[in-house]
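Read through the structure below, which is laid out as structure tokens, and then see the notes.
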Amino acid sequence: MLGCGAVSDPSTPQHASEAAGEPAGAEAPARLRELIAERREAMDALRARGLDPYPPGGGRLDRVGDVVARFDGELDGDPEPAAGAEPAAGAGPHPAALAPGEDSGEAVRVAGRLVATRGHGKLAFLVIRDGDDEVQVMARLDRLGAEGFALTDDLHEGDWIAAEGTLARSKRGEPTVDADAVTIVGKALRPPPDKWHGVREPETRYRHREMDLAASQEARAMVRARAVLLAALRAELDERAYLEVETPLLHPIPGGANATPFVTHHEALGVDLYLRIAPELYLKRLVVGGLPRVYEIGRVFRNEGLSTRHNPEFTMLEAYQAHAGYGEMMALTQGLIQRAASALAEAGLREGGLVTRFGEAEVDLSGDWPRRPLLDLVAEAVGVERLDLGDRARLAELCAAHRVPIEDRWGAGKLALELYEKLVEPHLWEPTFVIDYPVEVSPLARRHPDDPGLAQRYELIIAGRELTNGFSELTDPDDQRERFEEQARAKAAGDAEAMPIDEDYLAAMELGLPPTGGLGLGVDRLLMLLLGRESIREVVAFPTLRPRG
RNA sequence: GGGCCGUUAGCUCAACUGGCAGAGCUCCGGACUUUUAAUCCGGCGGAGCAGGUUCGAGCCCUGCACGGCCCUCCA
């Protein structure tokens, strides 16, 4: 499905050019068609001279970053020159010691995307980018010969090229690969975005992230940051002896969270399956099986609206630890997030160490984060001494007094949660563990030993946003069955997000789930927080958008 | 689902009150063997879609499409 349709011409159905079997861009706007045609002409000219615009890769290659580092003298004392470079002994000065106009004689072969050309008649400077590193290649008629130099006439910005040459400094002192040979290794038929401004329009950046990446170092940094974050989370969990596991994405019964699932269909089995809304139940079955510490990082899918904080598919970290309670999981949560923040800062992908900037204000992630009972926070917010989950009428009055809309079928616990979500959560700025949620809204969590109406559940709130959810897991299969039945009643009463009864999970619990602590962490939201991005679409390479056409 | 805003050349942006739609980059042709977003000369290229009002619409009105932000929902 490459290159079909028109990026910026919504009137053009994407399938038109496919159906007609026409080449890329055939249905594009006139100007774009022209630009593509000109690039095709250049490609044809190359082919006419026996050059392959899409040759295979392989062979010797030096990274541009390594080559540039040679000029900085960063590799001084290193017995090896730039990776794989041939010994240059006696051929000339070390690249870092080169005077303007001097050549080191050190041979390299570099490759990258052509991001700028500066032609001077019988000389051309070709700036190539490899990752985030750029170097200029000097193509000279007298060194390349007429045939070799002719290639520069057929190059366009955006092409992938390779150059063999020697490390030199130009007359102006710029680190340069003085080329003995320049080859095209990947013709770009479409023009890249504005080399100075990149792509600004959010829609194009999201739909065609490759254009954004090709033009924006910041966009590339986002992708790297995600990788650094995931690596940091895994490192922390690995050090704590957690085992990384994978569980099904296709679930016969959606469970482990309150959410509307996507439905799909398996042809051979003739059954509907659900894209998972959480890996929770499978992970706990692994704990039942005798794997005491497991975690999974993976995509979950929830069939709900899109917003700056919600993408229908998002990355979830869930971790379970046998013989632990929610106290240990809070400590783990804090450790994971602080490590991730440090890792990103060390990688130069964010500033501020453990202080992060979010919107107008800063958030301090350092130290130990306070743990505040939910009912205490709500009581404070509504200005009462204490709240009693046994007095639903009183809670309903408070909801009315604070203009929190409620439904008749909601119990006291749900009312308390609503009050919390409307009056408290948005105002919790500094990292705060909110603990001890009503059992009514926590169907998988262990009852609090001091209050059977509460569950040993916690959520971490930072900058008014929920980042994690976890609890001391419910391990009593009979209690779990009752909770499921309660959920089933809610579902029957019209709650689309209530959980169905999962007999396989109950059977697993009956085999014996040890006391277990569980943690769920929204990776995308953590990345948003750490990078200070207020839209989830800025931290997901390809966010879900309404399809074109 | 609701509200507000947006959509001008491939990209980035302009345009008086409704009066011939401009520029930079890209691209094409030309000059140039040391540039740094190279420079110089010349050139190609445009109003999201469909209607309406008007002598005349980029600008006003209606509908549609897509997007952004907020609300709703949720994590």
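Under this note's numbering, the first residue of the first sequence is numbered 13, with each subsequent residue one higher.
The C-beta atom is built at its ideal place from N, Cα and C for all residues, glycine as well.
None of these values were measured; they are calculated from a predicted model.
Would you mind giving the Cβ-Cβ distance between residue i and residue j, rounded to the nearest angstrom? I have them listed as a contact below 8 Å.
i    : j    : result
G425 : P450 : 3 Å
P205 : M234 : So it is not a contact: roughly 16 Å between Cβ atoms.
V147 : V79  : 6 Å
E330 : P291 : 5 Å
I473 : V453 : About 16 Å; that fails the 8 Å criterion.
H555 : I548 : This sequence places Pro at residue 555; His is not what is there. The pair is a contact, with the Cβ atoms about 7 Å apart (cut-off 8 Å).
A108 : V149 : Not quite, the Cβ-Cβ distance comes to about 19 Å (not below 8 Å), so this is no contact.
A352 : L255 : Contact flag wrong, Cβ pair sits at about 20 Å.
E325 : T259 : At roughly 16 Å, the Cβ-Cβ gap does not stay under 8 Å, so E325 and T259 are not in contact.
E522 : N270 : No, E522 and N270 are not in contact; Cβ-Cβ is about 24 Å, not under 8 Å.
Assign residue i to buried or exposed, taking buried as 16 or more other Cβ atoms, counted over all protein chains shown, within 10 Å of its Cβ.
i    : result
R477 : buried
Q229 : exposed
L110 : buried
V306 : buried
L543 : buried
G524 : exposed
W208 : exposed
P68  : exposed
V7   : The requested residue 7 is not part of the displayed model; the chain covers only 13 to 561.
L8   : Within the shown structure, residues of the chain are numbered from 13 to 561, placing residue 8 beyond reach of any answer.
G96  : Confidence in G96 is poor, its pLDDT being 49 and thus under 50, which makes the residue's placement unreliable; the coordinate value appears in the next sentence. Exposed, since its Cβ has fewer than 16 Cβ neighbours within 10 Å.
D7   : There is simply no residue 7 to check, as the chain begins at 13 and stops at 561 in what is shown.
G530 : buried
L427 : buried
V396 : exposed
P91  : Confidence at P91 is low in this model, with a pLDDT of 46, below 50, so its placement is unreliable and no value can be given for it.
R238 : buried
P35  : The predicted model places P35 with a pLDDT of 47, which falls under 50 and marks its position as unreliable, so this point remains unresolved.
D488 : exposed
K296 : buried
D74  : buried
G317 : exposed
T276 : exposed
A505 : exposed
R125 : buried
H439 : exposed
Out of the options, which has the shortest C-alpha to C-alpha gap to residue i?
i    : options                   : result
T480 : A502, G534, F554 and A428 : G534
L377 : V79, P203, A508 and A475  : A475
K199 : T164, K134, D536 and P273 : T164
H335 : K207, L366, L303 and R314 : L303
E374 : L126, R545 and P382       : R545
I289 : V436, E46, R221 and P512  : P512
P214 : W422, T320, W381 and K503 : T320
A231 : R45, T216, R51 and L242   : T216
F274 : H414, D388 and D284       : D284
V367 : L541, E392, G301 and L440 : L541
N323 : A174, G347, E522 and A553 : A553
L138 : H106, A357, P187 and S116 : P187
L389 : V299, E498, G364 and E430 : E430
A128 : L281, R121, R141 and V122 : R141
R493 : T444, S354 and E515       : E515
E437 : V194, A413 and P385       : P385
V257 : R219, L293, G347 and L298 : L298
G170 : R82, L201 and R212        : L201
R130 : G113, P455 and H168       : H168
Given 7 Å as the limit, tell me if residue i has its C-beta closer than that to any heavy atom belonging to the ligand SAM.
i    : result
A424 : The ligand SAM is not part of the structure shown, which contains no ligands of any sort.
List the residues that DSSP assigns as beta-bridge partners of residue i.
i    : result
G198 : W172
R305 : Q333
T129 : L138
P187 : R181
A193 : E176
Y286 : H263 and V275
A123 : A174
Q148 : V139 and T188
R311 : T327
F445 : R383 and L472
E256 : Y307
V367 : D376
*At 3 residues or longer, and completely inside the region 449-533: list those beta strand (DSSP E) runs for me, N to C.*
463-474 and 477-484
*Sequence ranges, beta strand (DSSP E) only - wholly within the region 369-434, length at least 3*: 373-376 and 383-385
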